[in-house]
Amino acid sequence: MKKKKTNHFLGNWRGKKYAQTEKPEKPEIQPAEACTEPGEARAGWYPETAPAGKENPKKIRLPRRRNAADVPELSPLQSGSTDIVDILAPSSVDLCHRDYIVVDGVYFTYFYLTGYGYATTVGNGWLNPFVEAGEGINVSFTIERQPKDKILSKISQATMINRSRMRDVGDTRSDYEELDSAISAGLYLKDGMNRYNEDFYYMHTIIEVSAESLELLEQRAAAVQNLCVSQDFFCKRADYKHGECFLSALPLLGMDADIERKSRRNALTSSVAAAFPFSSFEICDQSGIMLGINQHNRSVCIVDIFDSRKYSNANMAVMGMSGAGKTFLLQLMALRFREQGIQVFIITPLKGHEFRPACEAVGGKYIKLSPSSNDCINIMEIRRVSLDTDAELGSSRADSLLADKIQKLHIFFLLLKPNISDEERHYLDTALIECYGRKGITYNNASLFDGDGAFKEMPTLKDLYALLSERPEVKSLALSLSRFVTGSASRLGQATNVDLENKYIVLDISEMGKDLLPLGMFLALDSCWDKCKESRARKKVIMLDELWCLIGASSNAMAADFVLEIFKIIRGYGGAAVCATQDLNDFFALEGGKYGRAILNNSRLKVVLPLEEEEIGRVQEVMGLSDEEAMQISRNSRGEGLLCAGRNRISVSFHATEKEKYLITTSREDLEQRIGGV
Ligand SMILES: Nc1ncnc2c1ncn2[C@@H]1O[C@H](COP(=O)(O)OP(=O)(O)OP(=O)(O)O)[C@@H](O)[C@H]1O
Ligand SMILES: [Mg+2]
1 MKKKKTNHFL GNWRGKKYAQ TEKPEKPEIQ PAEACTEPGE ARAGWYPETA
51 PAGKENPKKI RLPRRRNAAD VPELSPLQSG STDIVDILAP SSVDLCHRDY
101 IVVDGVYFTY FYLTGYGYAT TVGNGWLNPF VEAGEGINVS FTIERQPKDK
151 ILSKISQATM INRSRMRDVG DTRSDYEELD SAISAGLYLK DGMNRYNEDF
201 YYMHTIIEVS AESLELLEQR AAAVQNLCVS QDFFCKRADY KHGECFLSAL
251 PLLGMDADIE RKSRRNALTS SVAAAFPFSS FEICDQSGIM LGINQHNRSV
301 CIVDIFDSRK YSNANMAVMG MSGAGKTFLL QLMALRFREQ GIQVFIITPL
351 KGHEFRPACE AVGGKYIKLS PSSNDCINIM EIRRVSLDTD AELGSSRADS
401 LLADKIQKLH IFFLLLKPNI SDEERHYLDT ALIECYGRKG ITYNNASLFD
451 GDGAFKEMPT LKDLYALLSE RPEVKSLALS LSRFVTGSAS RLGQATNVDL
501 ENKYIVLDIS EMGKDLLPLG MFLALDSCWD KCKESRARKK VIMLDELWCL
551 IGASSNAMAA DFVLEIFKII RGYGGAAVCA TQDLNDFFAL EGGKYGRAIL
601 NNSRLKVVLP LEEEEIGRVQ EVMGLSDEEA MQISRNSRGE GLLCAGRNRI
651 SVSFHATEKE KYLITTSRED LEQRIGGV
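Each step along the sequence shown adds one to the number in the working numbering, with nothing skipped, and position 607 is 607.
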């Protein structure tokens with residue numbers, strides 16, 4: 001978010017100081033001087049023990065210590081019971097130090113922005129740097145509205161006095177400028193209240209720093225001080241007053257009188273509104289998966305891609321050059337989705353073996369679809385029990401499962417033999433009906449099941465081949481199919497021999513060969529779609545690595561269409577599609593970049609990992625990134641990327657645990673180490 005400069009704080013109104021110059025104010029007692037003994041510091045912990053004669057207008061209502069005589073008699077039951085204060089109160093508090101307190105073993109130190117220590121001009125969200133300062137740094141700010149009529153008359157009076165004093169002060173005197181700015185601040189406040197109907201507030205800002213160790217506490221405290229300097233704010237450490245600050249920072253609306261006075265700053269409504277701290281560079285969805293650390297403020301980045309209130313669709317596109325961490329990120333997400341019980345399908349048109357260790361480690365199913373593999377998914381198998389996606393909601397349309405399957409098999413044949421004639425399609429249709437008929441399967445869905453309610457034996461490509469071979473009209477079709485029956489790819493034409501019920505399925509089509517790749521893609525997608533369409537309520541993710549293989553210049557428009565279809569309609573089935581690609585020039589090559597653009601447009605979430613300079617320009621243009629964001633992409637290293645989630649864009653460093661990394665690394669060094677370590 002770019003900060004827009006506005007003049008929300010036009011100087012601090014020092015009416016009081018100048019109004020009382022005739023009657024000099026008692027010198028301010030510094031907290032360090034006020035209580036040099038640890039015992040005194042402890043006394044300050046209880047607001048009731050504030051210095052005598054100084055009425056504390058905002059007492060913190062804590063239970064008063066009682067003398068033994070005051071304590072009412074309690075029943076044995078009451079005296080032994082635990083009440084709310086017992087539960088809320090820390091079990092130990094150490095207040096004997098100047099720089100910090102220790103509450104239940106955690107070190108706390110406090111800073112407050114002094115009344116005069118605010119920048120004169122601040123932009124919207126000026127508190128954000130403090131809010132986002134990172135772990136162990138919290139900001140508490142209190143605002144109190146003051147009665148307008150009383151304040152207005154005070155300001156008018158003080159401004160009048162300051163004006164008359166100004167006449168006596170020569171412009172060479174050191175306080176001339178100060179007096180001048182006090183007058184203009186007074187006028188600014190009056191103007192805001194009178195003309196723009198703004199309210200007048202006192203604002204107090206306390207910064208809390210906590211850490212598990214003293215060393216870390218000091219490091220964080222130094223970071224806060226540096227941050228204040230960089231933001232042009234003047235903060236003071238609350239020496240000996242950390243106990244009071246601890247209480248003041250609690251959401252009890254009770255500030256310690258001393259801290260309240262020292263940190264008091266006047267502000268108008270617009271200035272207070274500019275402090276609104278909840279607009280931040282953060283993505284932290286409640287039930288999402290952890291992706292990594294936000295590089296901007298070290299906060300955790302948790303994304304729930306299925307949150308339809310935030311993201312219009314749950315699709316995600318990951319872009320990056322070779323070795324940037326795409327496969328790593330995809331597997332990281334897949335493992336975390338699986339942990340949430342979400343169904344995961346991964347389709348890998350290249351280097352499918354990279355997905356195997358993690359898949360097997362989580363009890364998933366790694367299926368290799370290739371002419372050489374023993375794994376087979378029967379393309380002719382009918383797996384769904386109903387075509388009605390709302391079957392689980394009680395709806396029961398009896399649309400024919402066989403008709404649907406036959407329609408899909410026509411596409412399969414179109415991929416197998418692109419120049420198929422109308423006549424051949426007609427004969428194919430009849431042959432398919434007959435083929436299923438021989439197994440007792442008809443358009444009636446009940447015919448799919450045997451007496452026990454299990455699916456009947458399904459025909460295979462071998463059965464179809466036998467049938468087609470009987471007819472001379474479709475000999476050419478039988479010939480095309482022979483590769484899957486008697487030829488080199490005959491293992492692909494058998495009955496299904498893999499479990500498709502698993503919740504983590506990797507479909508490796510990387511060894512299908514270029515000519516069979518669209519068929520492999522069709523086979524993989526067909527089985528995924530069947531599972532996806534079973535329920536609209538259950539979440540599921542289809543992941544596609546190396547997408548350029550499927551929609552790039554060298555691919556075929558049909559395979560690209562399958563992919564695009566997933567991105568367009570999976571939302572309707574409660575699912576998400578996640579793809580990863582390198583070589584963006586290729587990605588945007590097929591049919592003038594139609595597929596690449598459509599996939600990006602249908603992905604609400606995008607991750608841009610490190611890219612080549614030339615590709616950064618292309619992504620910047622397609623995604624409308626700012627120059628700064630483009631620069632950030634070029635600065636990022638492996639495993640770091642720009643996450644664009646809706647309107648939020650943050651730079652994230654993707655983090656895996658040691659165990660996850662062990663399972664998903666593709667780096668040669670890691671693998672070598674592992675072999676060496678065996
Ligand atoms: N976030 C990360 N944390 C730790 N290591 C990472 C991270 N991202 C990537 N790596 C390391 O970089 C290696 C290469 O990453 P990966 O295999 O994901 O690259 P890629 O972008 O898929 O490359 P290619 O396009 O060539 O397949 C990983 O095996 C891993 O060791
Ligand atoms: Mg990869």
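For every residue, glycine included, the Cβ atom is placed at its ideal position computed from N, Cα and C.
Keep in mind it's a predicted model, so treat the numbers as computed, not measured.
- Relative to ligand 2, residue 405 has its C-beta separated by 7 Å or more from all heavy atoms.
- The criterion of a C-beta distance shorter than 8 Å is not satisfied by residue 502 and residue 624.
- For residue 331, the number of other beta carbons within 10 angstroms of its own is at least 16, and it is reported as buried.
- For residue 311, DSSP assigns no beta-bridge partner whatsoever.
- The residue from 652, 662, 673 with its alpha-carbon nearest to that of residue 300 is 652.
- In this structure, residue 259 lies away from residue 116, with their beta-carbon atoms at least 8 Å apart.
- For ligand 2, no non-hydrogen atom lies closer than 7 Å to the CB of residue 417.
- The shortest C-alpha to C-alpha distance from residue 181 to any of 556, 158, 637 is the one to 158.
- For residue 463, the number of other beta carbons within 10 angstroms of its own is at least 16, and it is reported as buried.
- At a cut-off of 4 residues, the continuous stretches assigned as alpha helix (DSSP H) that sit fully inside the segment 414-485 are 422-438, 461-469, 475-481.
- The C-beta separation of residue 532 from residue 505 comes to about 12 Å, leaving the pair out of contact by the 8 Å criterion.
- Nearest Cα to residue 153 within the set 127, 193, 144, 140: 193.
- Its chain contains 432 as the residues whose beta carbon lies nearer than 6 Å to that of residue 406, once the 5 sequence neighbours on both sides are disregarded; these appear in chain order.
- Relative to ligand 1, residue 327 has its C-beta within less than 7 Å of a heavy atom.
- Of the heavy atoms belonging to ligand 2, at least one sits nearer than 7 Å to the Cβ of residue 545.
- Taking every protein chain shown into account, the CB of residue 581 has 16 or more other CB atoms within 10 angstroms, so this residue is buried.
- Taking a C-beta distance under 8 Å as the contact criterion, residue 326 and residue 508 do not qualify as a contact pair.
- The beta carbon of residue 661 sits no closer than 7 Å to any heavy atom of ligand 2.
- Contact check for residue 551 against residue 566 fails: the beta carbons are separated by 8 Å or more.
- The C-alpha of residue 558 is placed about 8 Å away from the C-alpha of residue 415.
- Check the Cα spacing between residue 101 and each of 114, 85, 218, 88: the tightest is with 218.
- For residue 629, the three-state secondary structure derived from DSSP is helix.
- Classified as exposed, residue 82 has fewer than 16 neighbouring CB atoms from the shown chains inside 10 Å of its CB.
- Residues of the same chain with their beta carbon placed closer than 6 Å to that of residue 529 are lacking, with the five preceding and five following residues left out of the count.
- At a cut-off of 7 Å, the beta-carbon of residue 654 counts as near ligand 1: some heavy atom of the ligand is closer than that.
- Boundaries for residue 260: no beta strand (DSSP E) harbours it, while the alpha helix (DSSP H) harbouring it runs 257-262, taken from the DSSP string.
- With at least 16 other beta carbons inside 10 angstroms of its own, residue 459 counts as buried.
- Selection 322, 178, 143, 214 evaluated against residue 203 yields 143 as nearest (Cα-Cα).
- With contacts defined by Cβ atoms closer than 8 Å, residue 198 and residue 140 do not form a contacting pair.
- Scanning its chain for C-beta atoms nearer than 7 Å, with the 5 sequence neighbours on each side dropped, one finds around residue 660 the residues 332, 335, in chain order.
- At a threshold of 7 Å, residue 552 does not count as near ligand 1, since its beta carbon sits no closer than that to any of the ligand's heavy atoms.
- Annotation: the continuous beta strand (DSSP E) that includes residue 640 extends over 640-645.
- Residue environment analysis places residue 130 among the buried positions, since at least 16 neighbouring C-beta atoms fall within 10 angstroms of its C-beta.
- In this chain, the alpha helix (DSSP H) harbouring residue 328 covers 326-339.
- Take the alpha-carbon of residue 450 and the one of residue 439: they are about 11 Å apart.
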